[in-house]
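This report refers to the structure that appears directly beneath it.
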Amino acid sequence: MAPRSFWKGYLKLSLVTCPVAMTPATTEGEKVRFHTLNARTGNRVVSQYVDAVSEKPVDEDDEVKGYQQGEDTYVMLEDEEIDAVALDSTRTIDIDSFVPRDSIEWVWYDKPHYLTPNGPVGEEAFSVIRDAMASTDTVGISQLVMYRRERAVMLEPRDRGIILWTLRYGDEVRDESDYFGQITDSKPDAKLMTLVKKLIDER
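Under my numbering, think of the first position of the sequence shown as 51, with each following residue one higher.
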């Protein structure tokens with residue numbers, strides 16, 4: 051059974067819009083998770099919000115978001131107010147541009163997601179966008195709020211769906227020349243090269 055989508059919104063290209071759903075393409079289900087325990091009792095440790103001044107625990111019903119204006123001054127906001135000022139990219143994948151599929155190197159790829167039509171109504175528009183990218187060998191570039199931050203994303207047509215890749219920012223990618231440039235550019239021994247090629251063929 052396919053996992054449920056974690057995000058629903060709209061895919062938009064100019065006047066063409068369709069409802070879509072997104073599901074992570076990878077899973078961490080097999081990942082070992084650790085809990086913090088009390089070494090003396092073996093019991094789990096539970097985190098709790100505490101008032102910074104009174105040092106008393108705060109009930110979940112009393113927790114609100116706040117925007118800091120000064121050193122100790124905050125403006126409290128309700129969830130409805132936060133939603134009202136949310137970026138358009140929170141629920142809409144508005145394709146800004148198209149680039150050749152091979153123009154973005156693998157090192158910029160972050161997390162893959164499956165993008166599918168959210169219901170039969172949007173299938174035709176979805177298919178048009180997908181097939182147009184496939185026939186021109188291009189990928190779409192957009193911005194989308196994911197994991198609490200606005201990220202650049204790439205839309206890659208794949209079979210009957212679209213792979214949405216989150217892309218890394220410039221400060222997250224290291225220049226390969228800083229590392230590979232230190233390797234001596236020497237010609238390997240011919241006999242050793244022949245031996246290694248033979249090993250590759252045998253594997």
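Glycine included, each C-beta is placed from N, C-alpha and C at the ideal position.
| Terminal residues of the continuous alpha helix (DSSP H) containing Ser254? | The chain is shown from 51 up to 253; residue 254 falls before or after that span and cannot be answered.
| query | From what residue to what residue does the beta strand (DSSP E) around Thr175 run? | reply | One point to set straight first is that residue 175 is Ala, not Thr, in the sequence displayed. In this chain, Ala175 is not harboured by any beta strand (DSSP E); it is covered by the alpha helix (DSSP H) spanning Glu173 to Thr186.
| said: Using a Cβ-Cβ cutoff of less than 8 Å, which residues in the same chain neighbour Phe241 once the five nearest sequence positions on both sides are dropped? | reply: Looking at the sequence itself, residue 241 is Lys, so the reference to Phe does not match. There are no such residues.
| task | Look at Val195 and Leu205 and say whether their C-beta atoms are less than 7 Å apart. | result | Taking C-beta atoms as the reference points, Val195 and Leu205 fail to come closer than 7 Å.
| said: Quick check: Leu217 and Asp160, are their CB atoms within less than 7 Å of each other? | reply: Yes.
| With 16 other Cβ atoms within 10 Å as the buried cut-off, status of Ser192 | Here Ser192 is buried: its Cβ has 16 or more other Cβ atoms, across all protein chains shown, within 10 Å.
| field | Start and end residues, alpha helix (DSSP H) containing Leu214 | value | Unbroken run through Leu214 is the beta strand (DSSP E), Gly211 to Leu217; no alpha helix (DSSP H).
| From Val246, Ala202 and Ala182, residue whose alpha carbon lies closest to that of Tyr219 | Cα-wise, what sits closest to Tyr219 is Ala202.
| beta strand (DSSP E) containing Asp160: first to last residue? | For Asp160, the enclosing beta strand (DSSP E) has its first and last residue at Tyr159 to Pro167.
| message | Once DSSP output is grouped into helix, strand and coil, what is the label at Glu200? | response | DSSP, read as helix, strand or coil, puts Glu200 in strand.
| field | Backbone secondary structure at Val96 - three-state DSSP | value | Looking at Val96 - three-state DSSP - the assignment turns out to be coil, as it is neither helix nor strand.
| query | Does DSSP put Glu206 in a helix, a strand or coil? | reply | In the structure shown, Glu206 sits in a strand (DSSP, three-state: E or B).
| query | By a C-beta neighbour count over all protein chains shown, 10 Å radius and 16 as the cutoff for buried, is Leu215 buried or exposed? | reply | A small correction: the amino acid at residue 215 is Trp; Leu does not occupy that position in the sequence shown. By the beta-carbon neighbour count (other beta carbons within 10 angstroms, threshold 16), Trp215 is buried.
| Own chain residues within Cβ distance below 6 Å of Gly172, not counting five before or after | For Gly172, where only same-chain residues beyond five positions count, the Cβ hits under 6 Å are Cys68 and Pro69.
| task | Classify Arg199 as buried or exposed, calling it buried when 16 or more other Cβ atoms lie within 10 Å of its own Cβ. | result | Burial call: exposed.
| field | C-beta atoms of Ile179 and Leu63 nearer than 7 Å | value | Taking a C-beta distance under 7 Å as the contact criterion, Ile179 and Leu63 qualify as a contact pair.
| query | Does the Cβ-Cβ distance between Thr166 and Ala75 come in under 7 Å? | reply | By the CB criterion at 7 Å, Thr166 and Ala75 fall outside the cutoff.
| query | For His163, is the classification buried or exposed, using 16 other Cβ atoms within 10 angstroms of its Cβ as the cut-off for buried? | reply | The residue is buried, with at least 16 neighbouring Cβ atoms inside 10 Å.
| query | Tell me the DSSP bridge mates of Ala71? | reply | Answer is Lys58 and Thr166.
| request: Quick one: grab the DSSP three-state call for Thr142. | output: The answer is strand: DSSP assigns Thr142 an E or B state.
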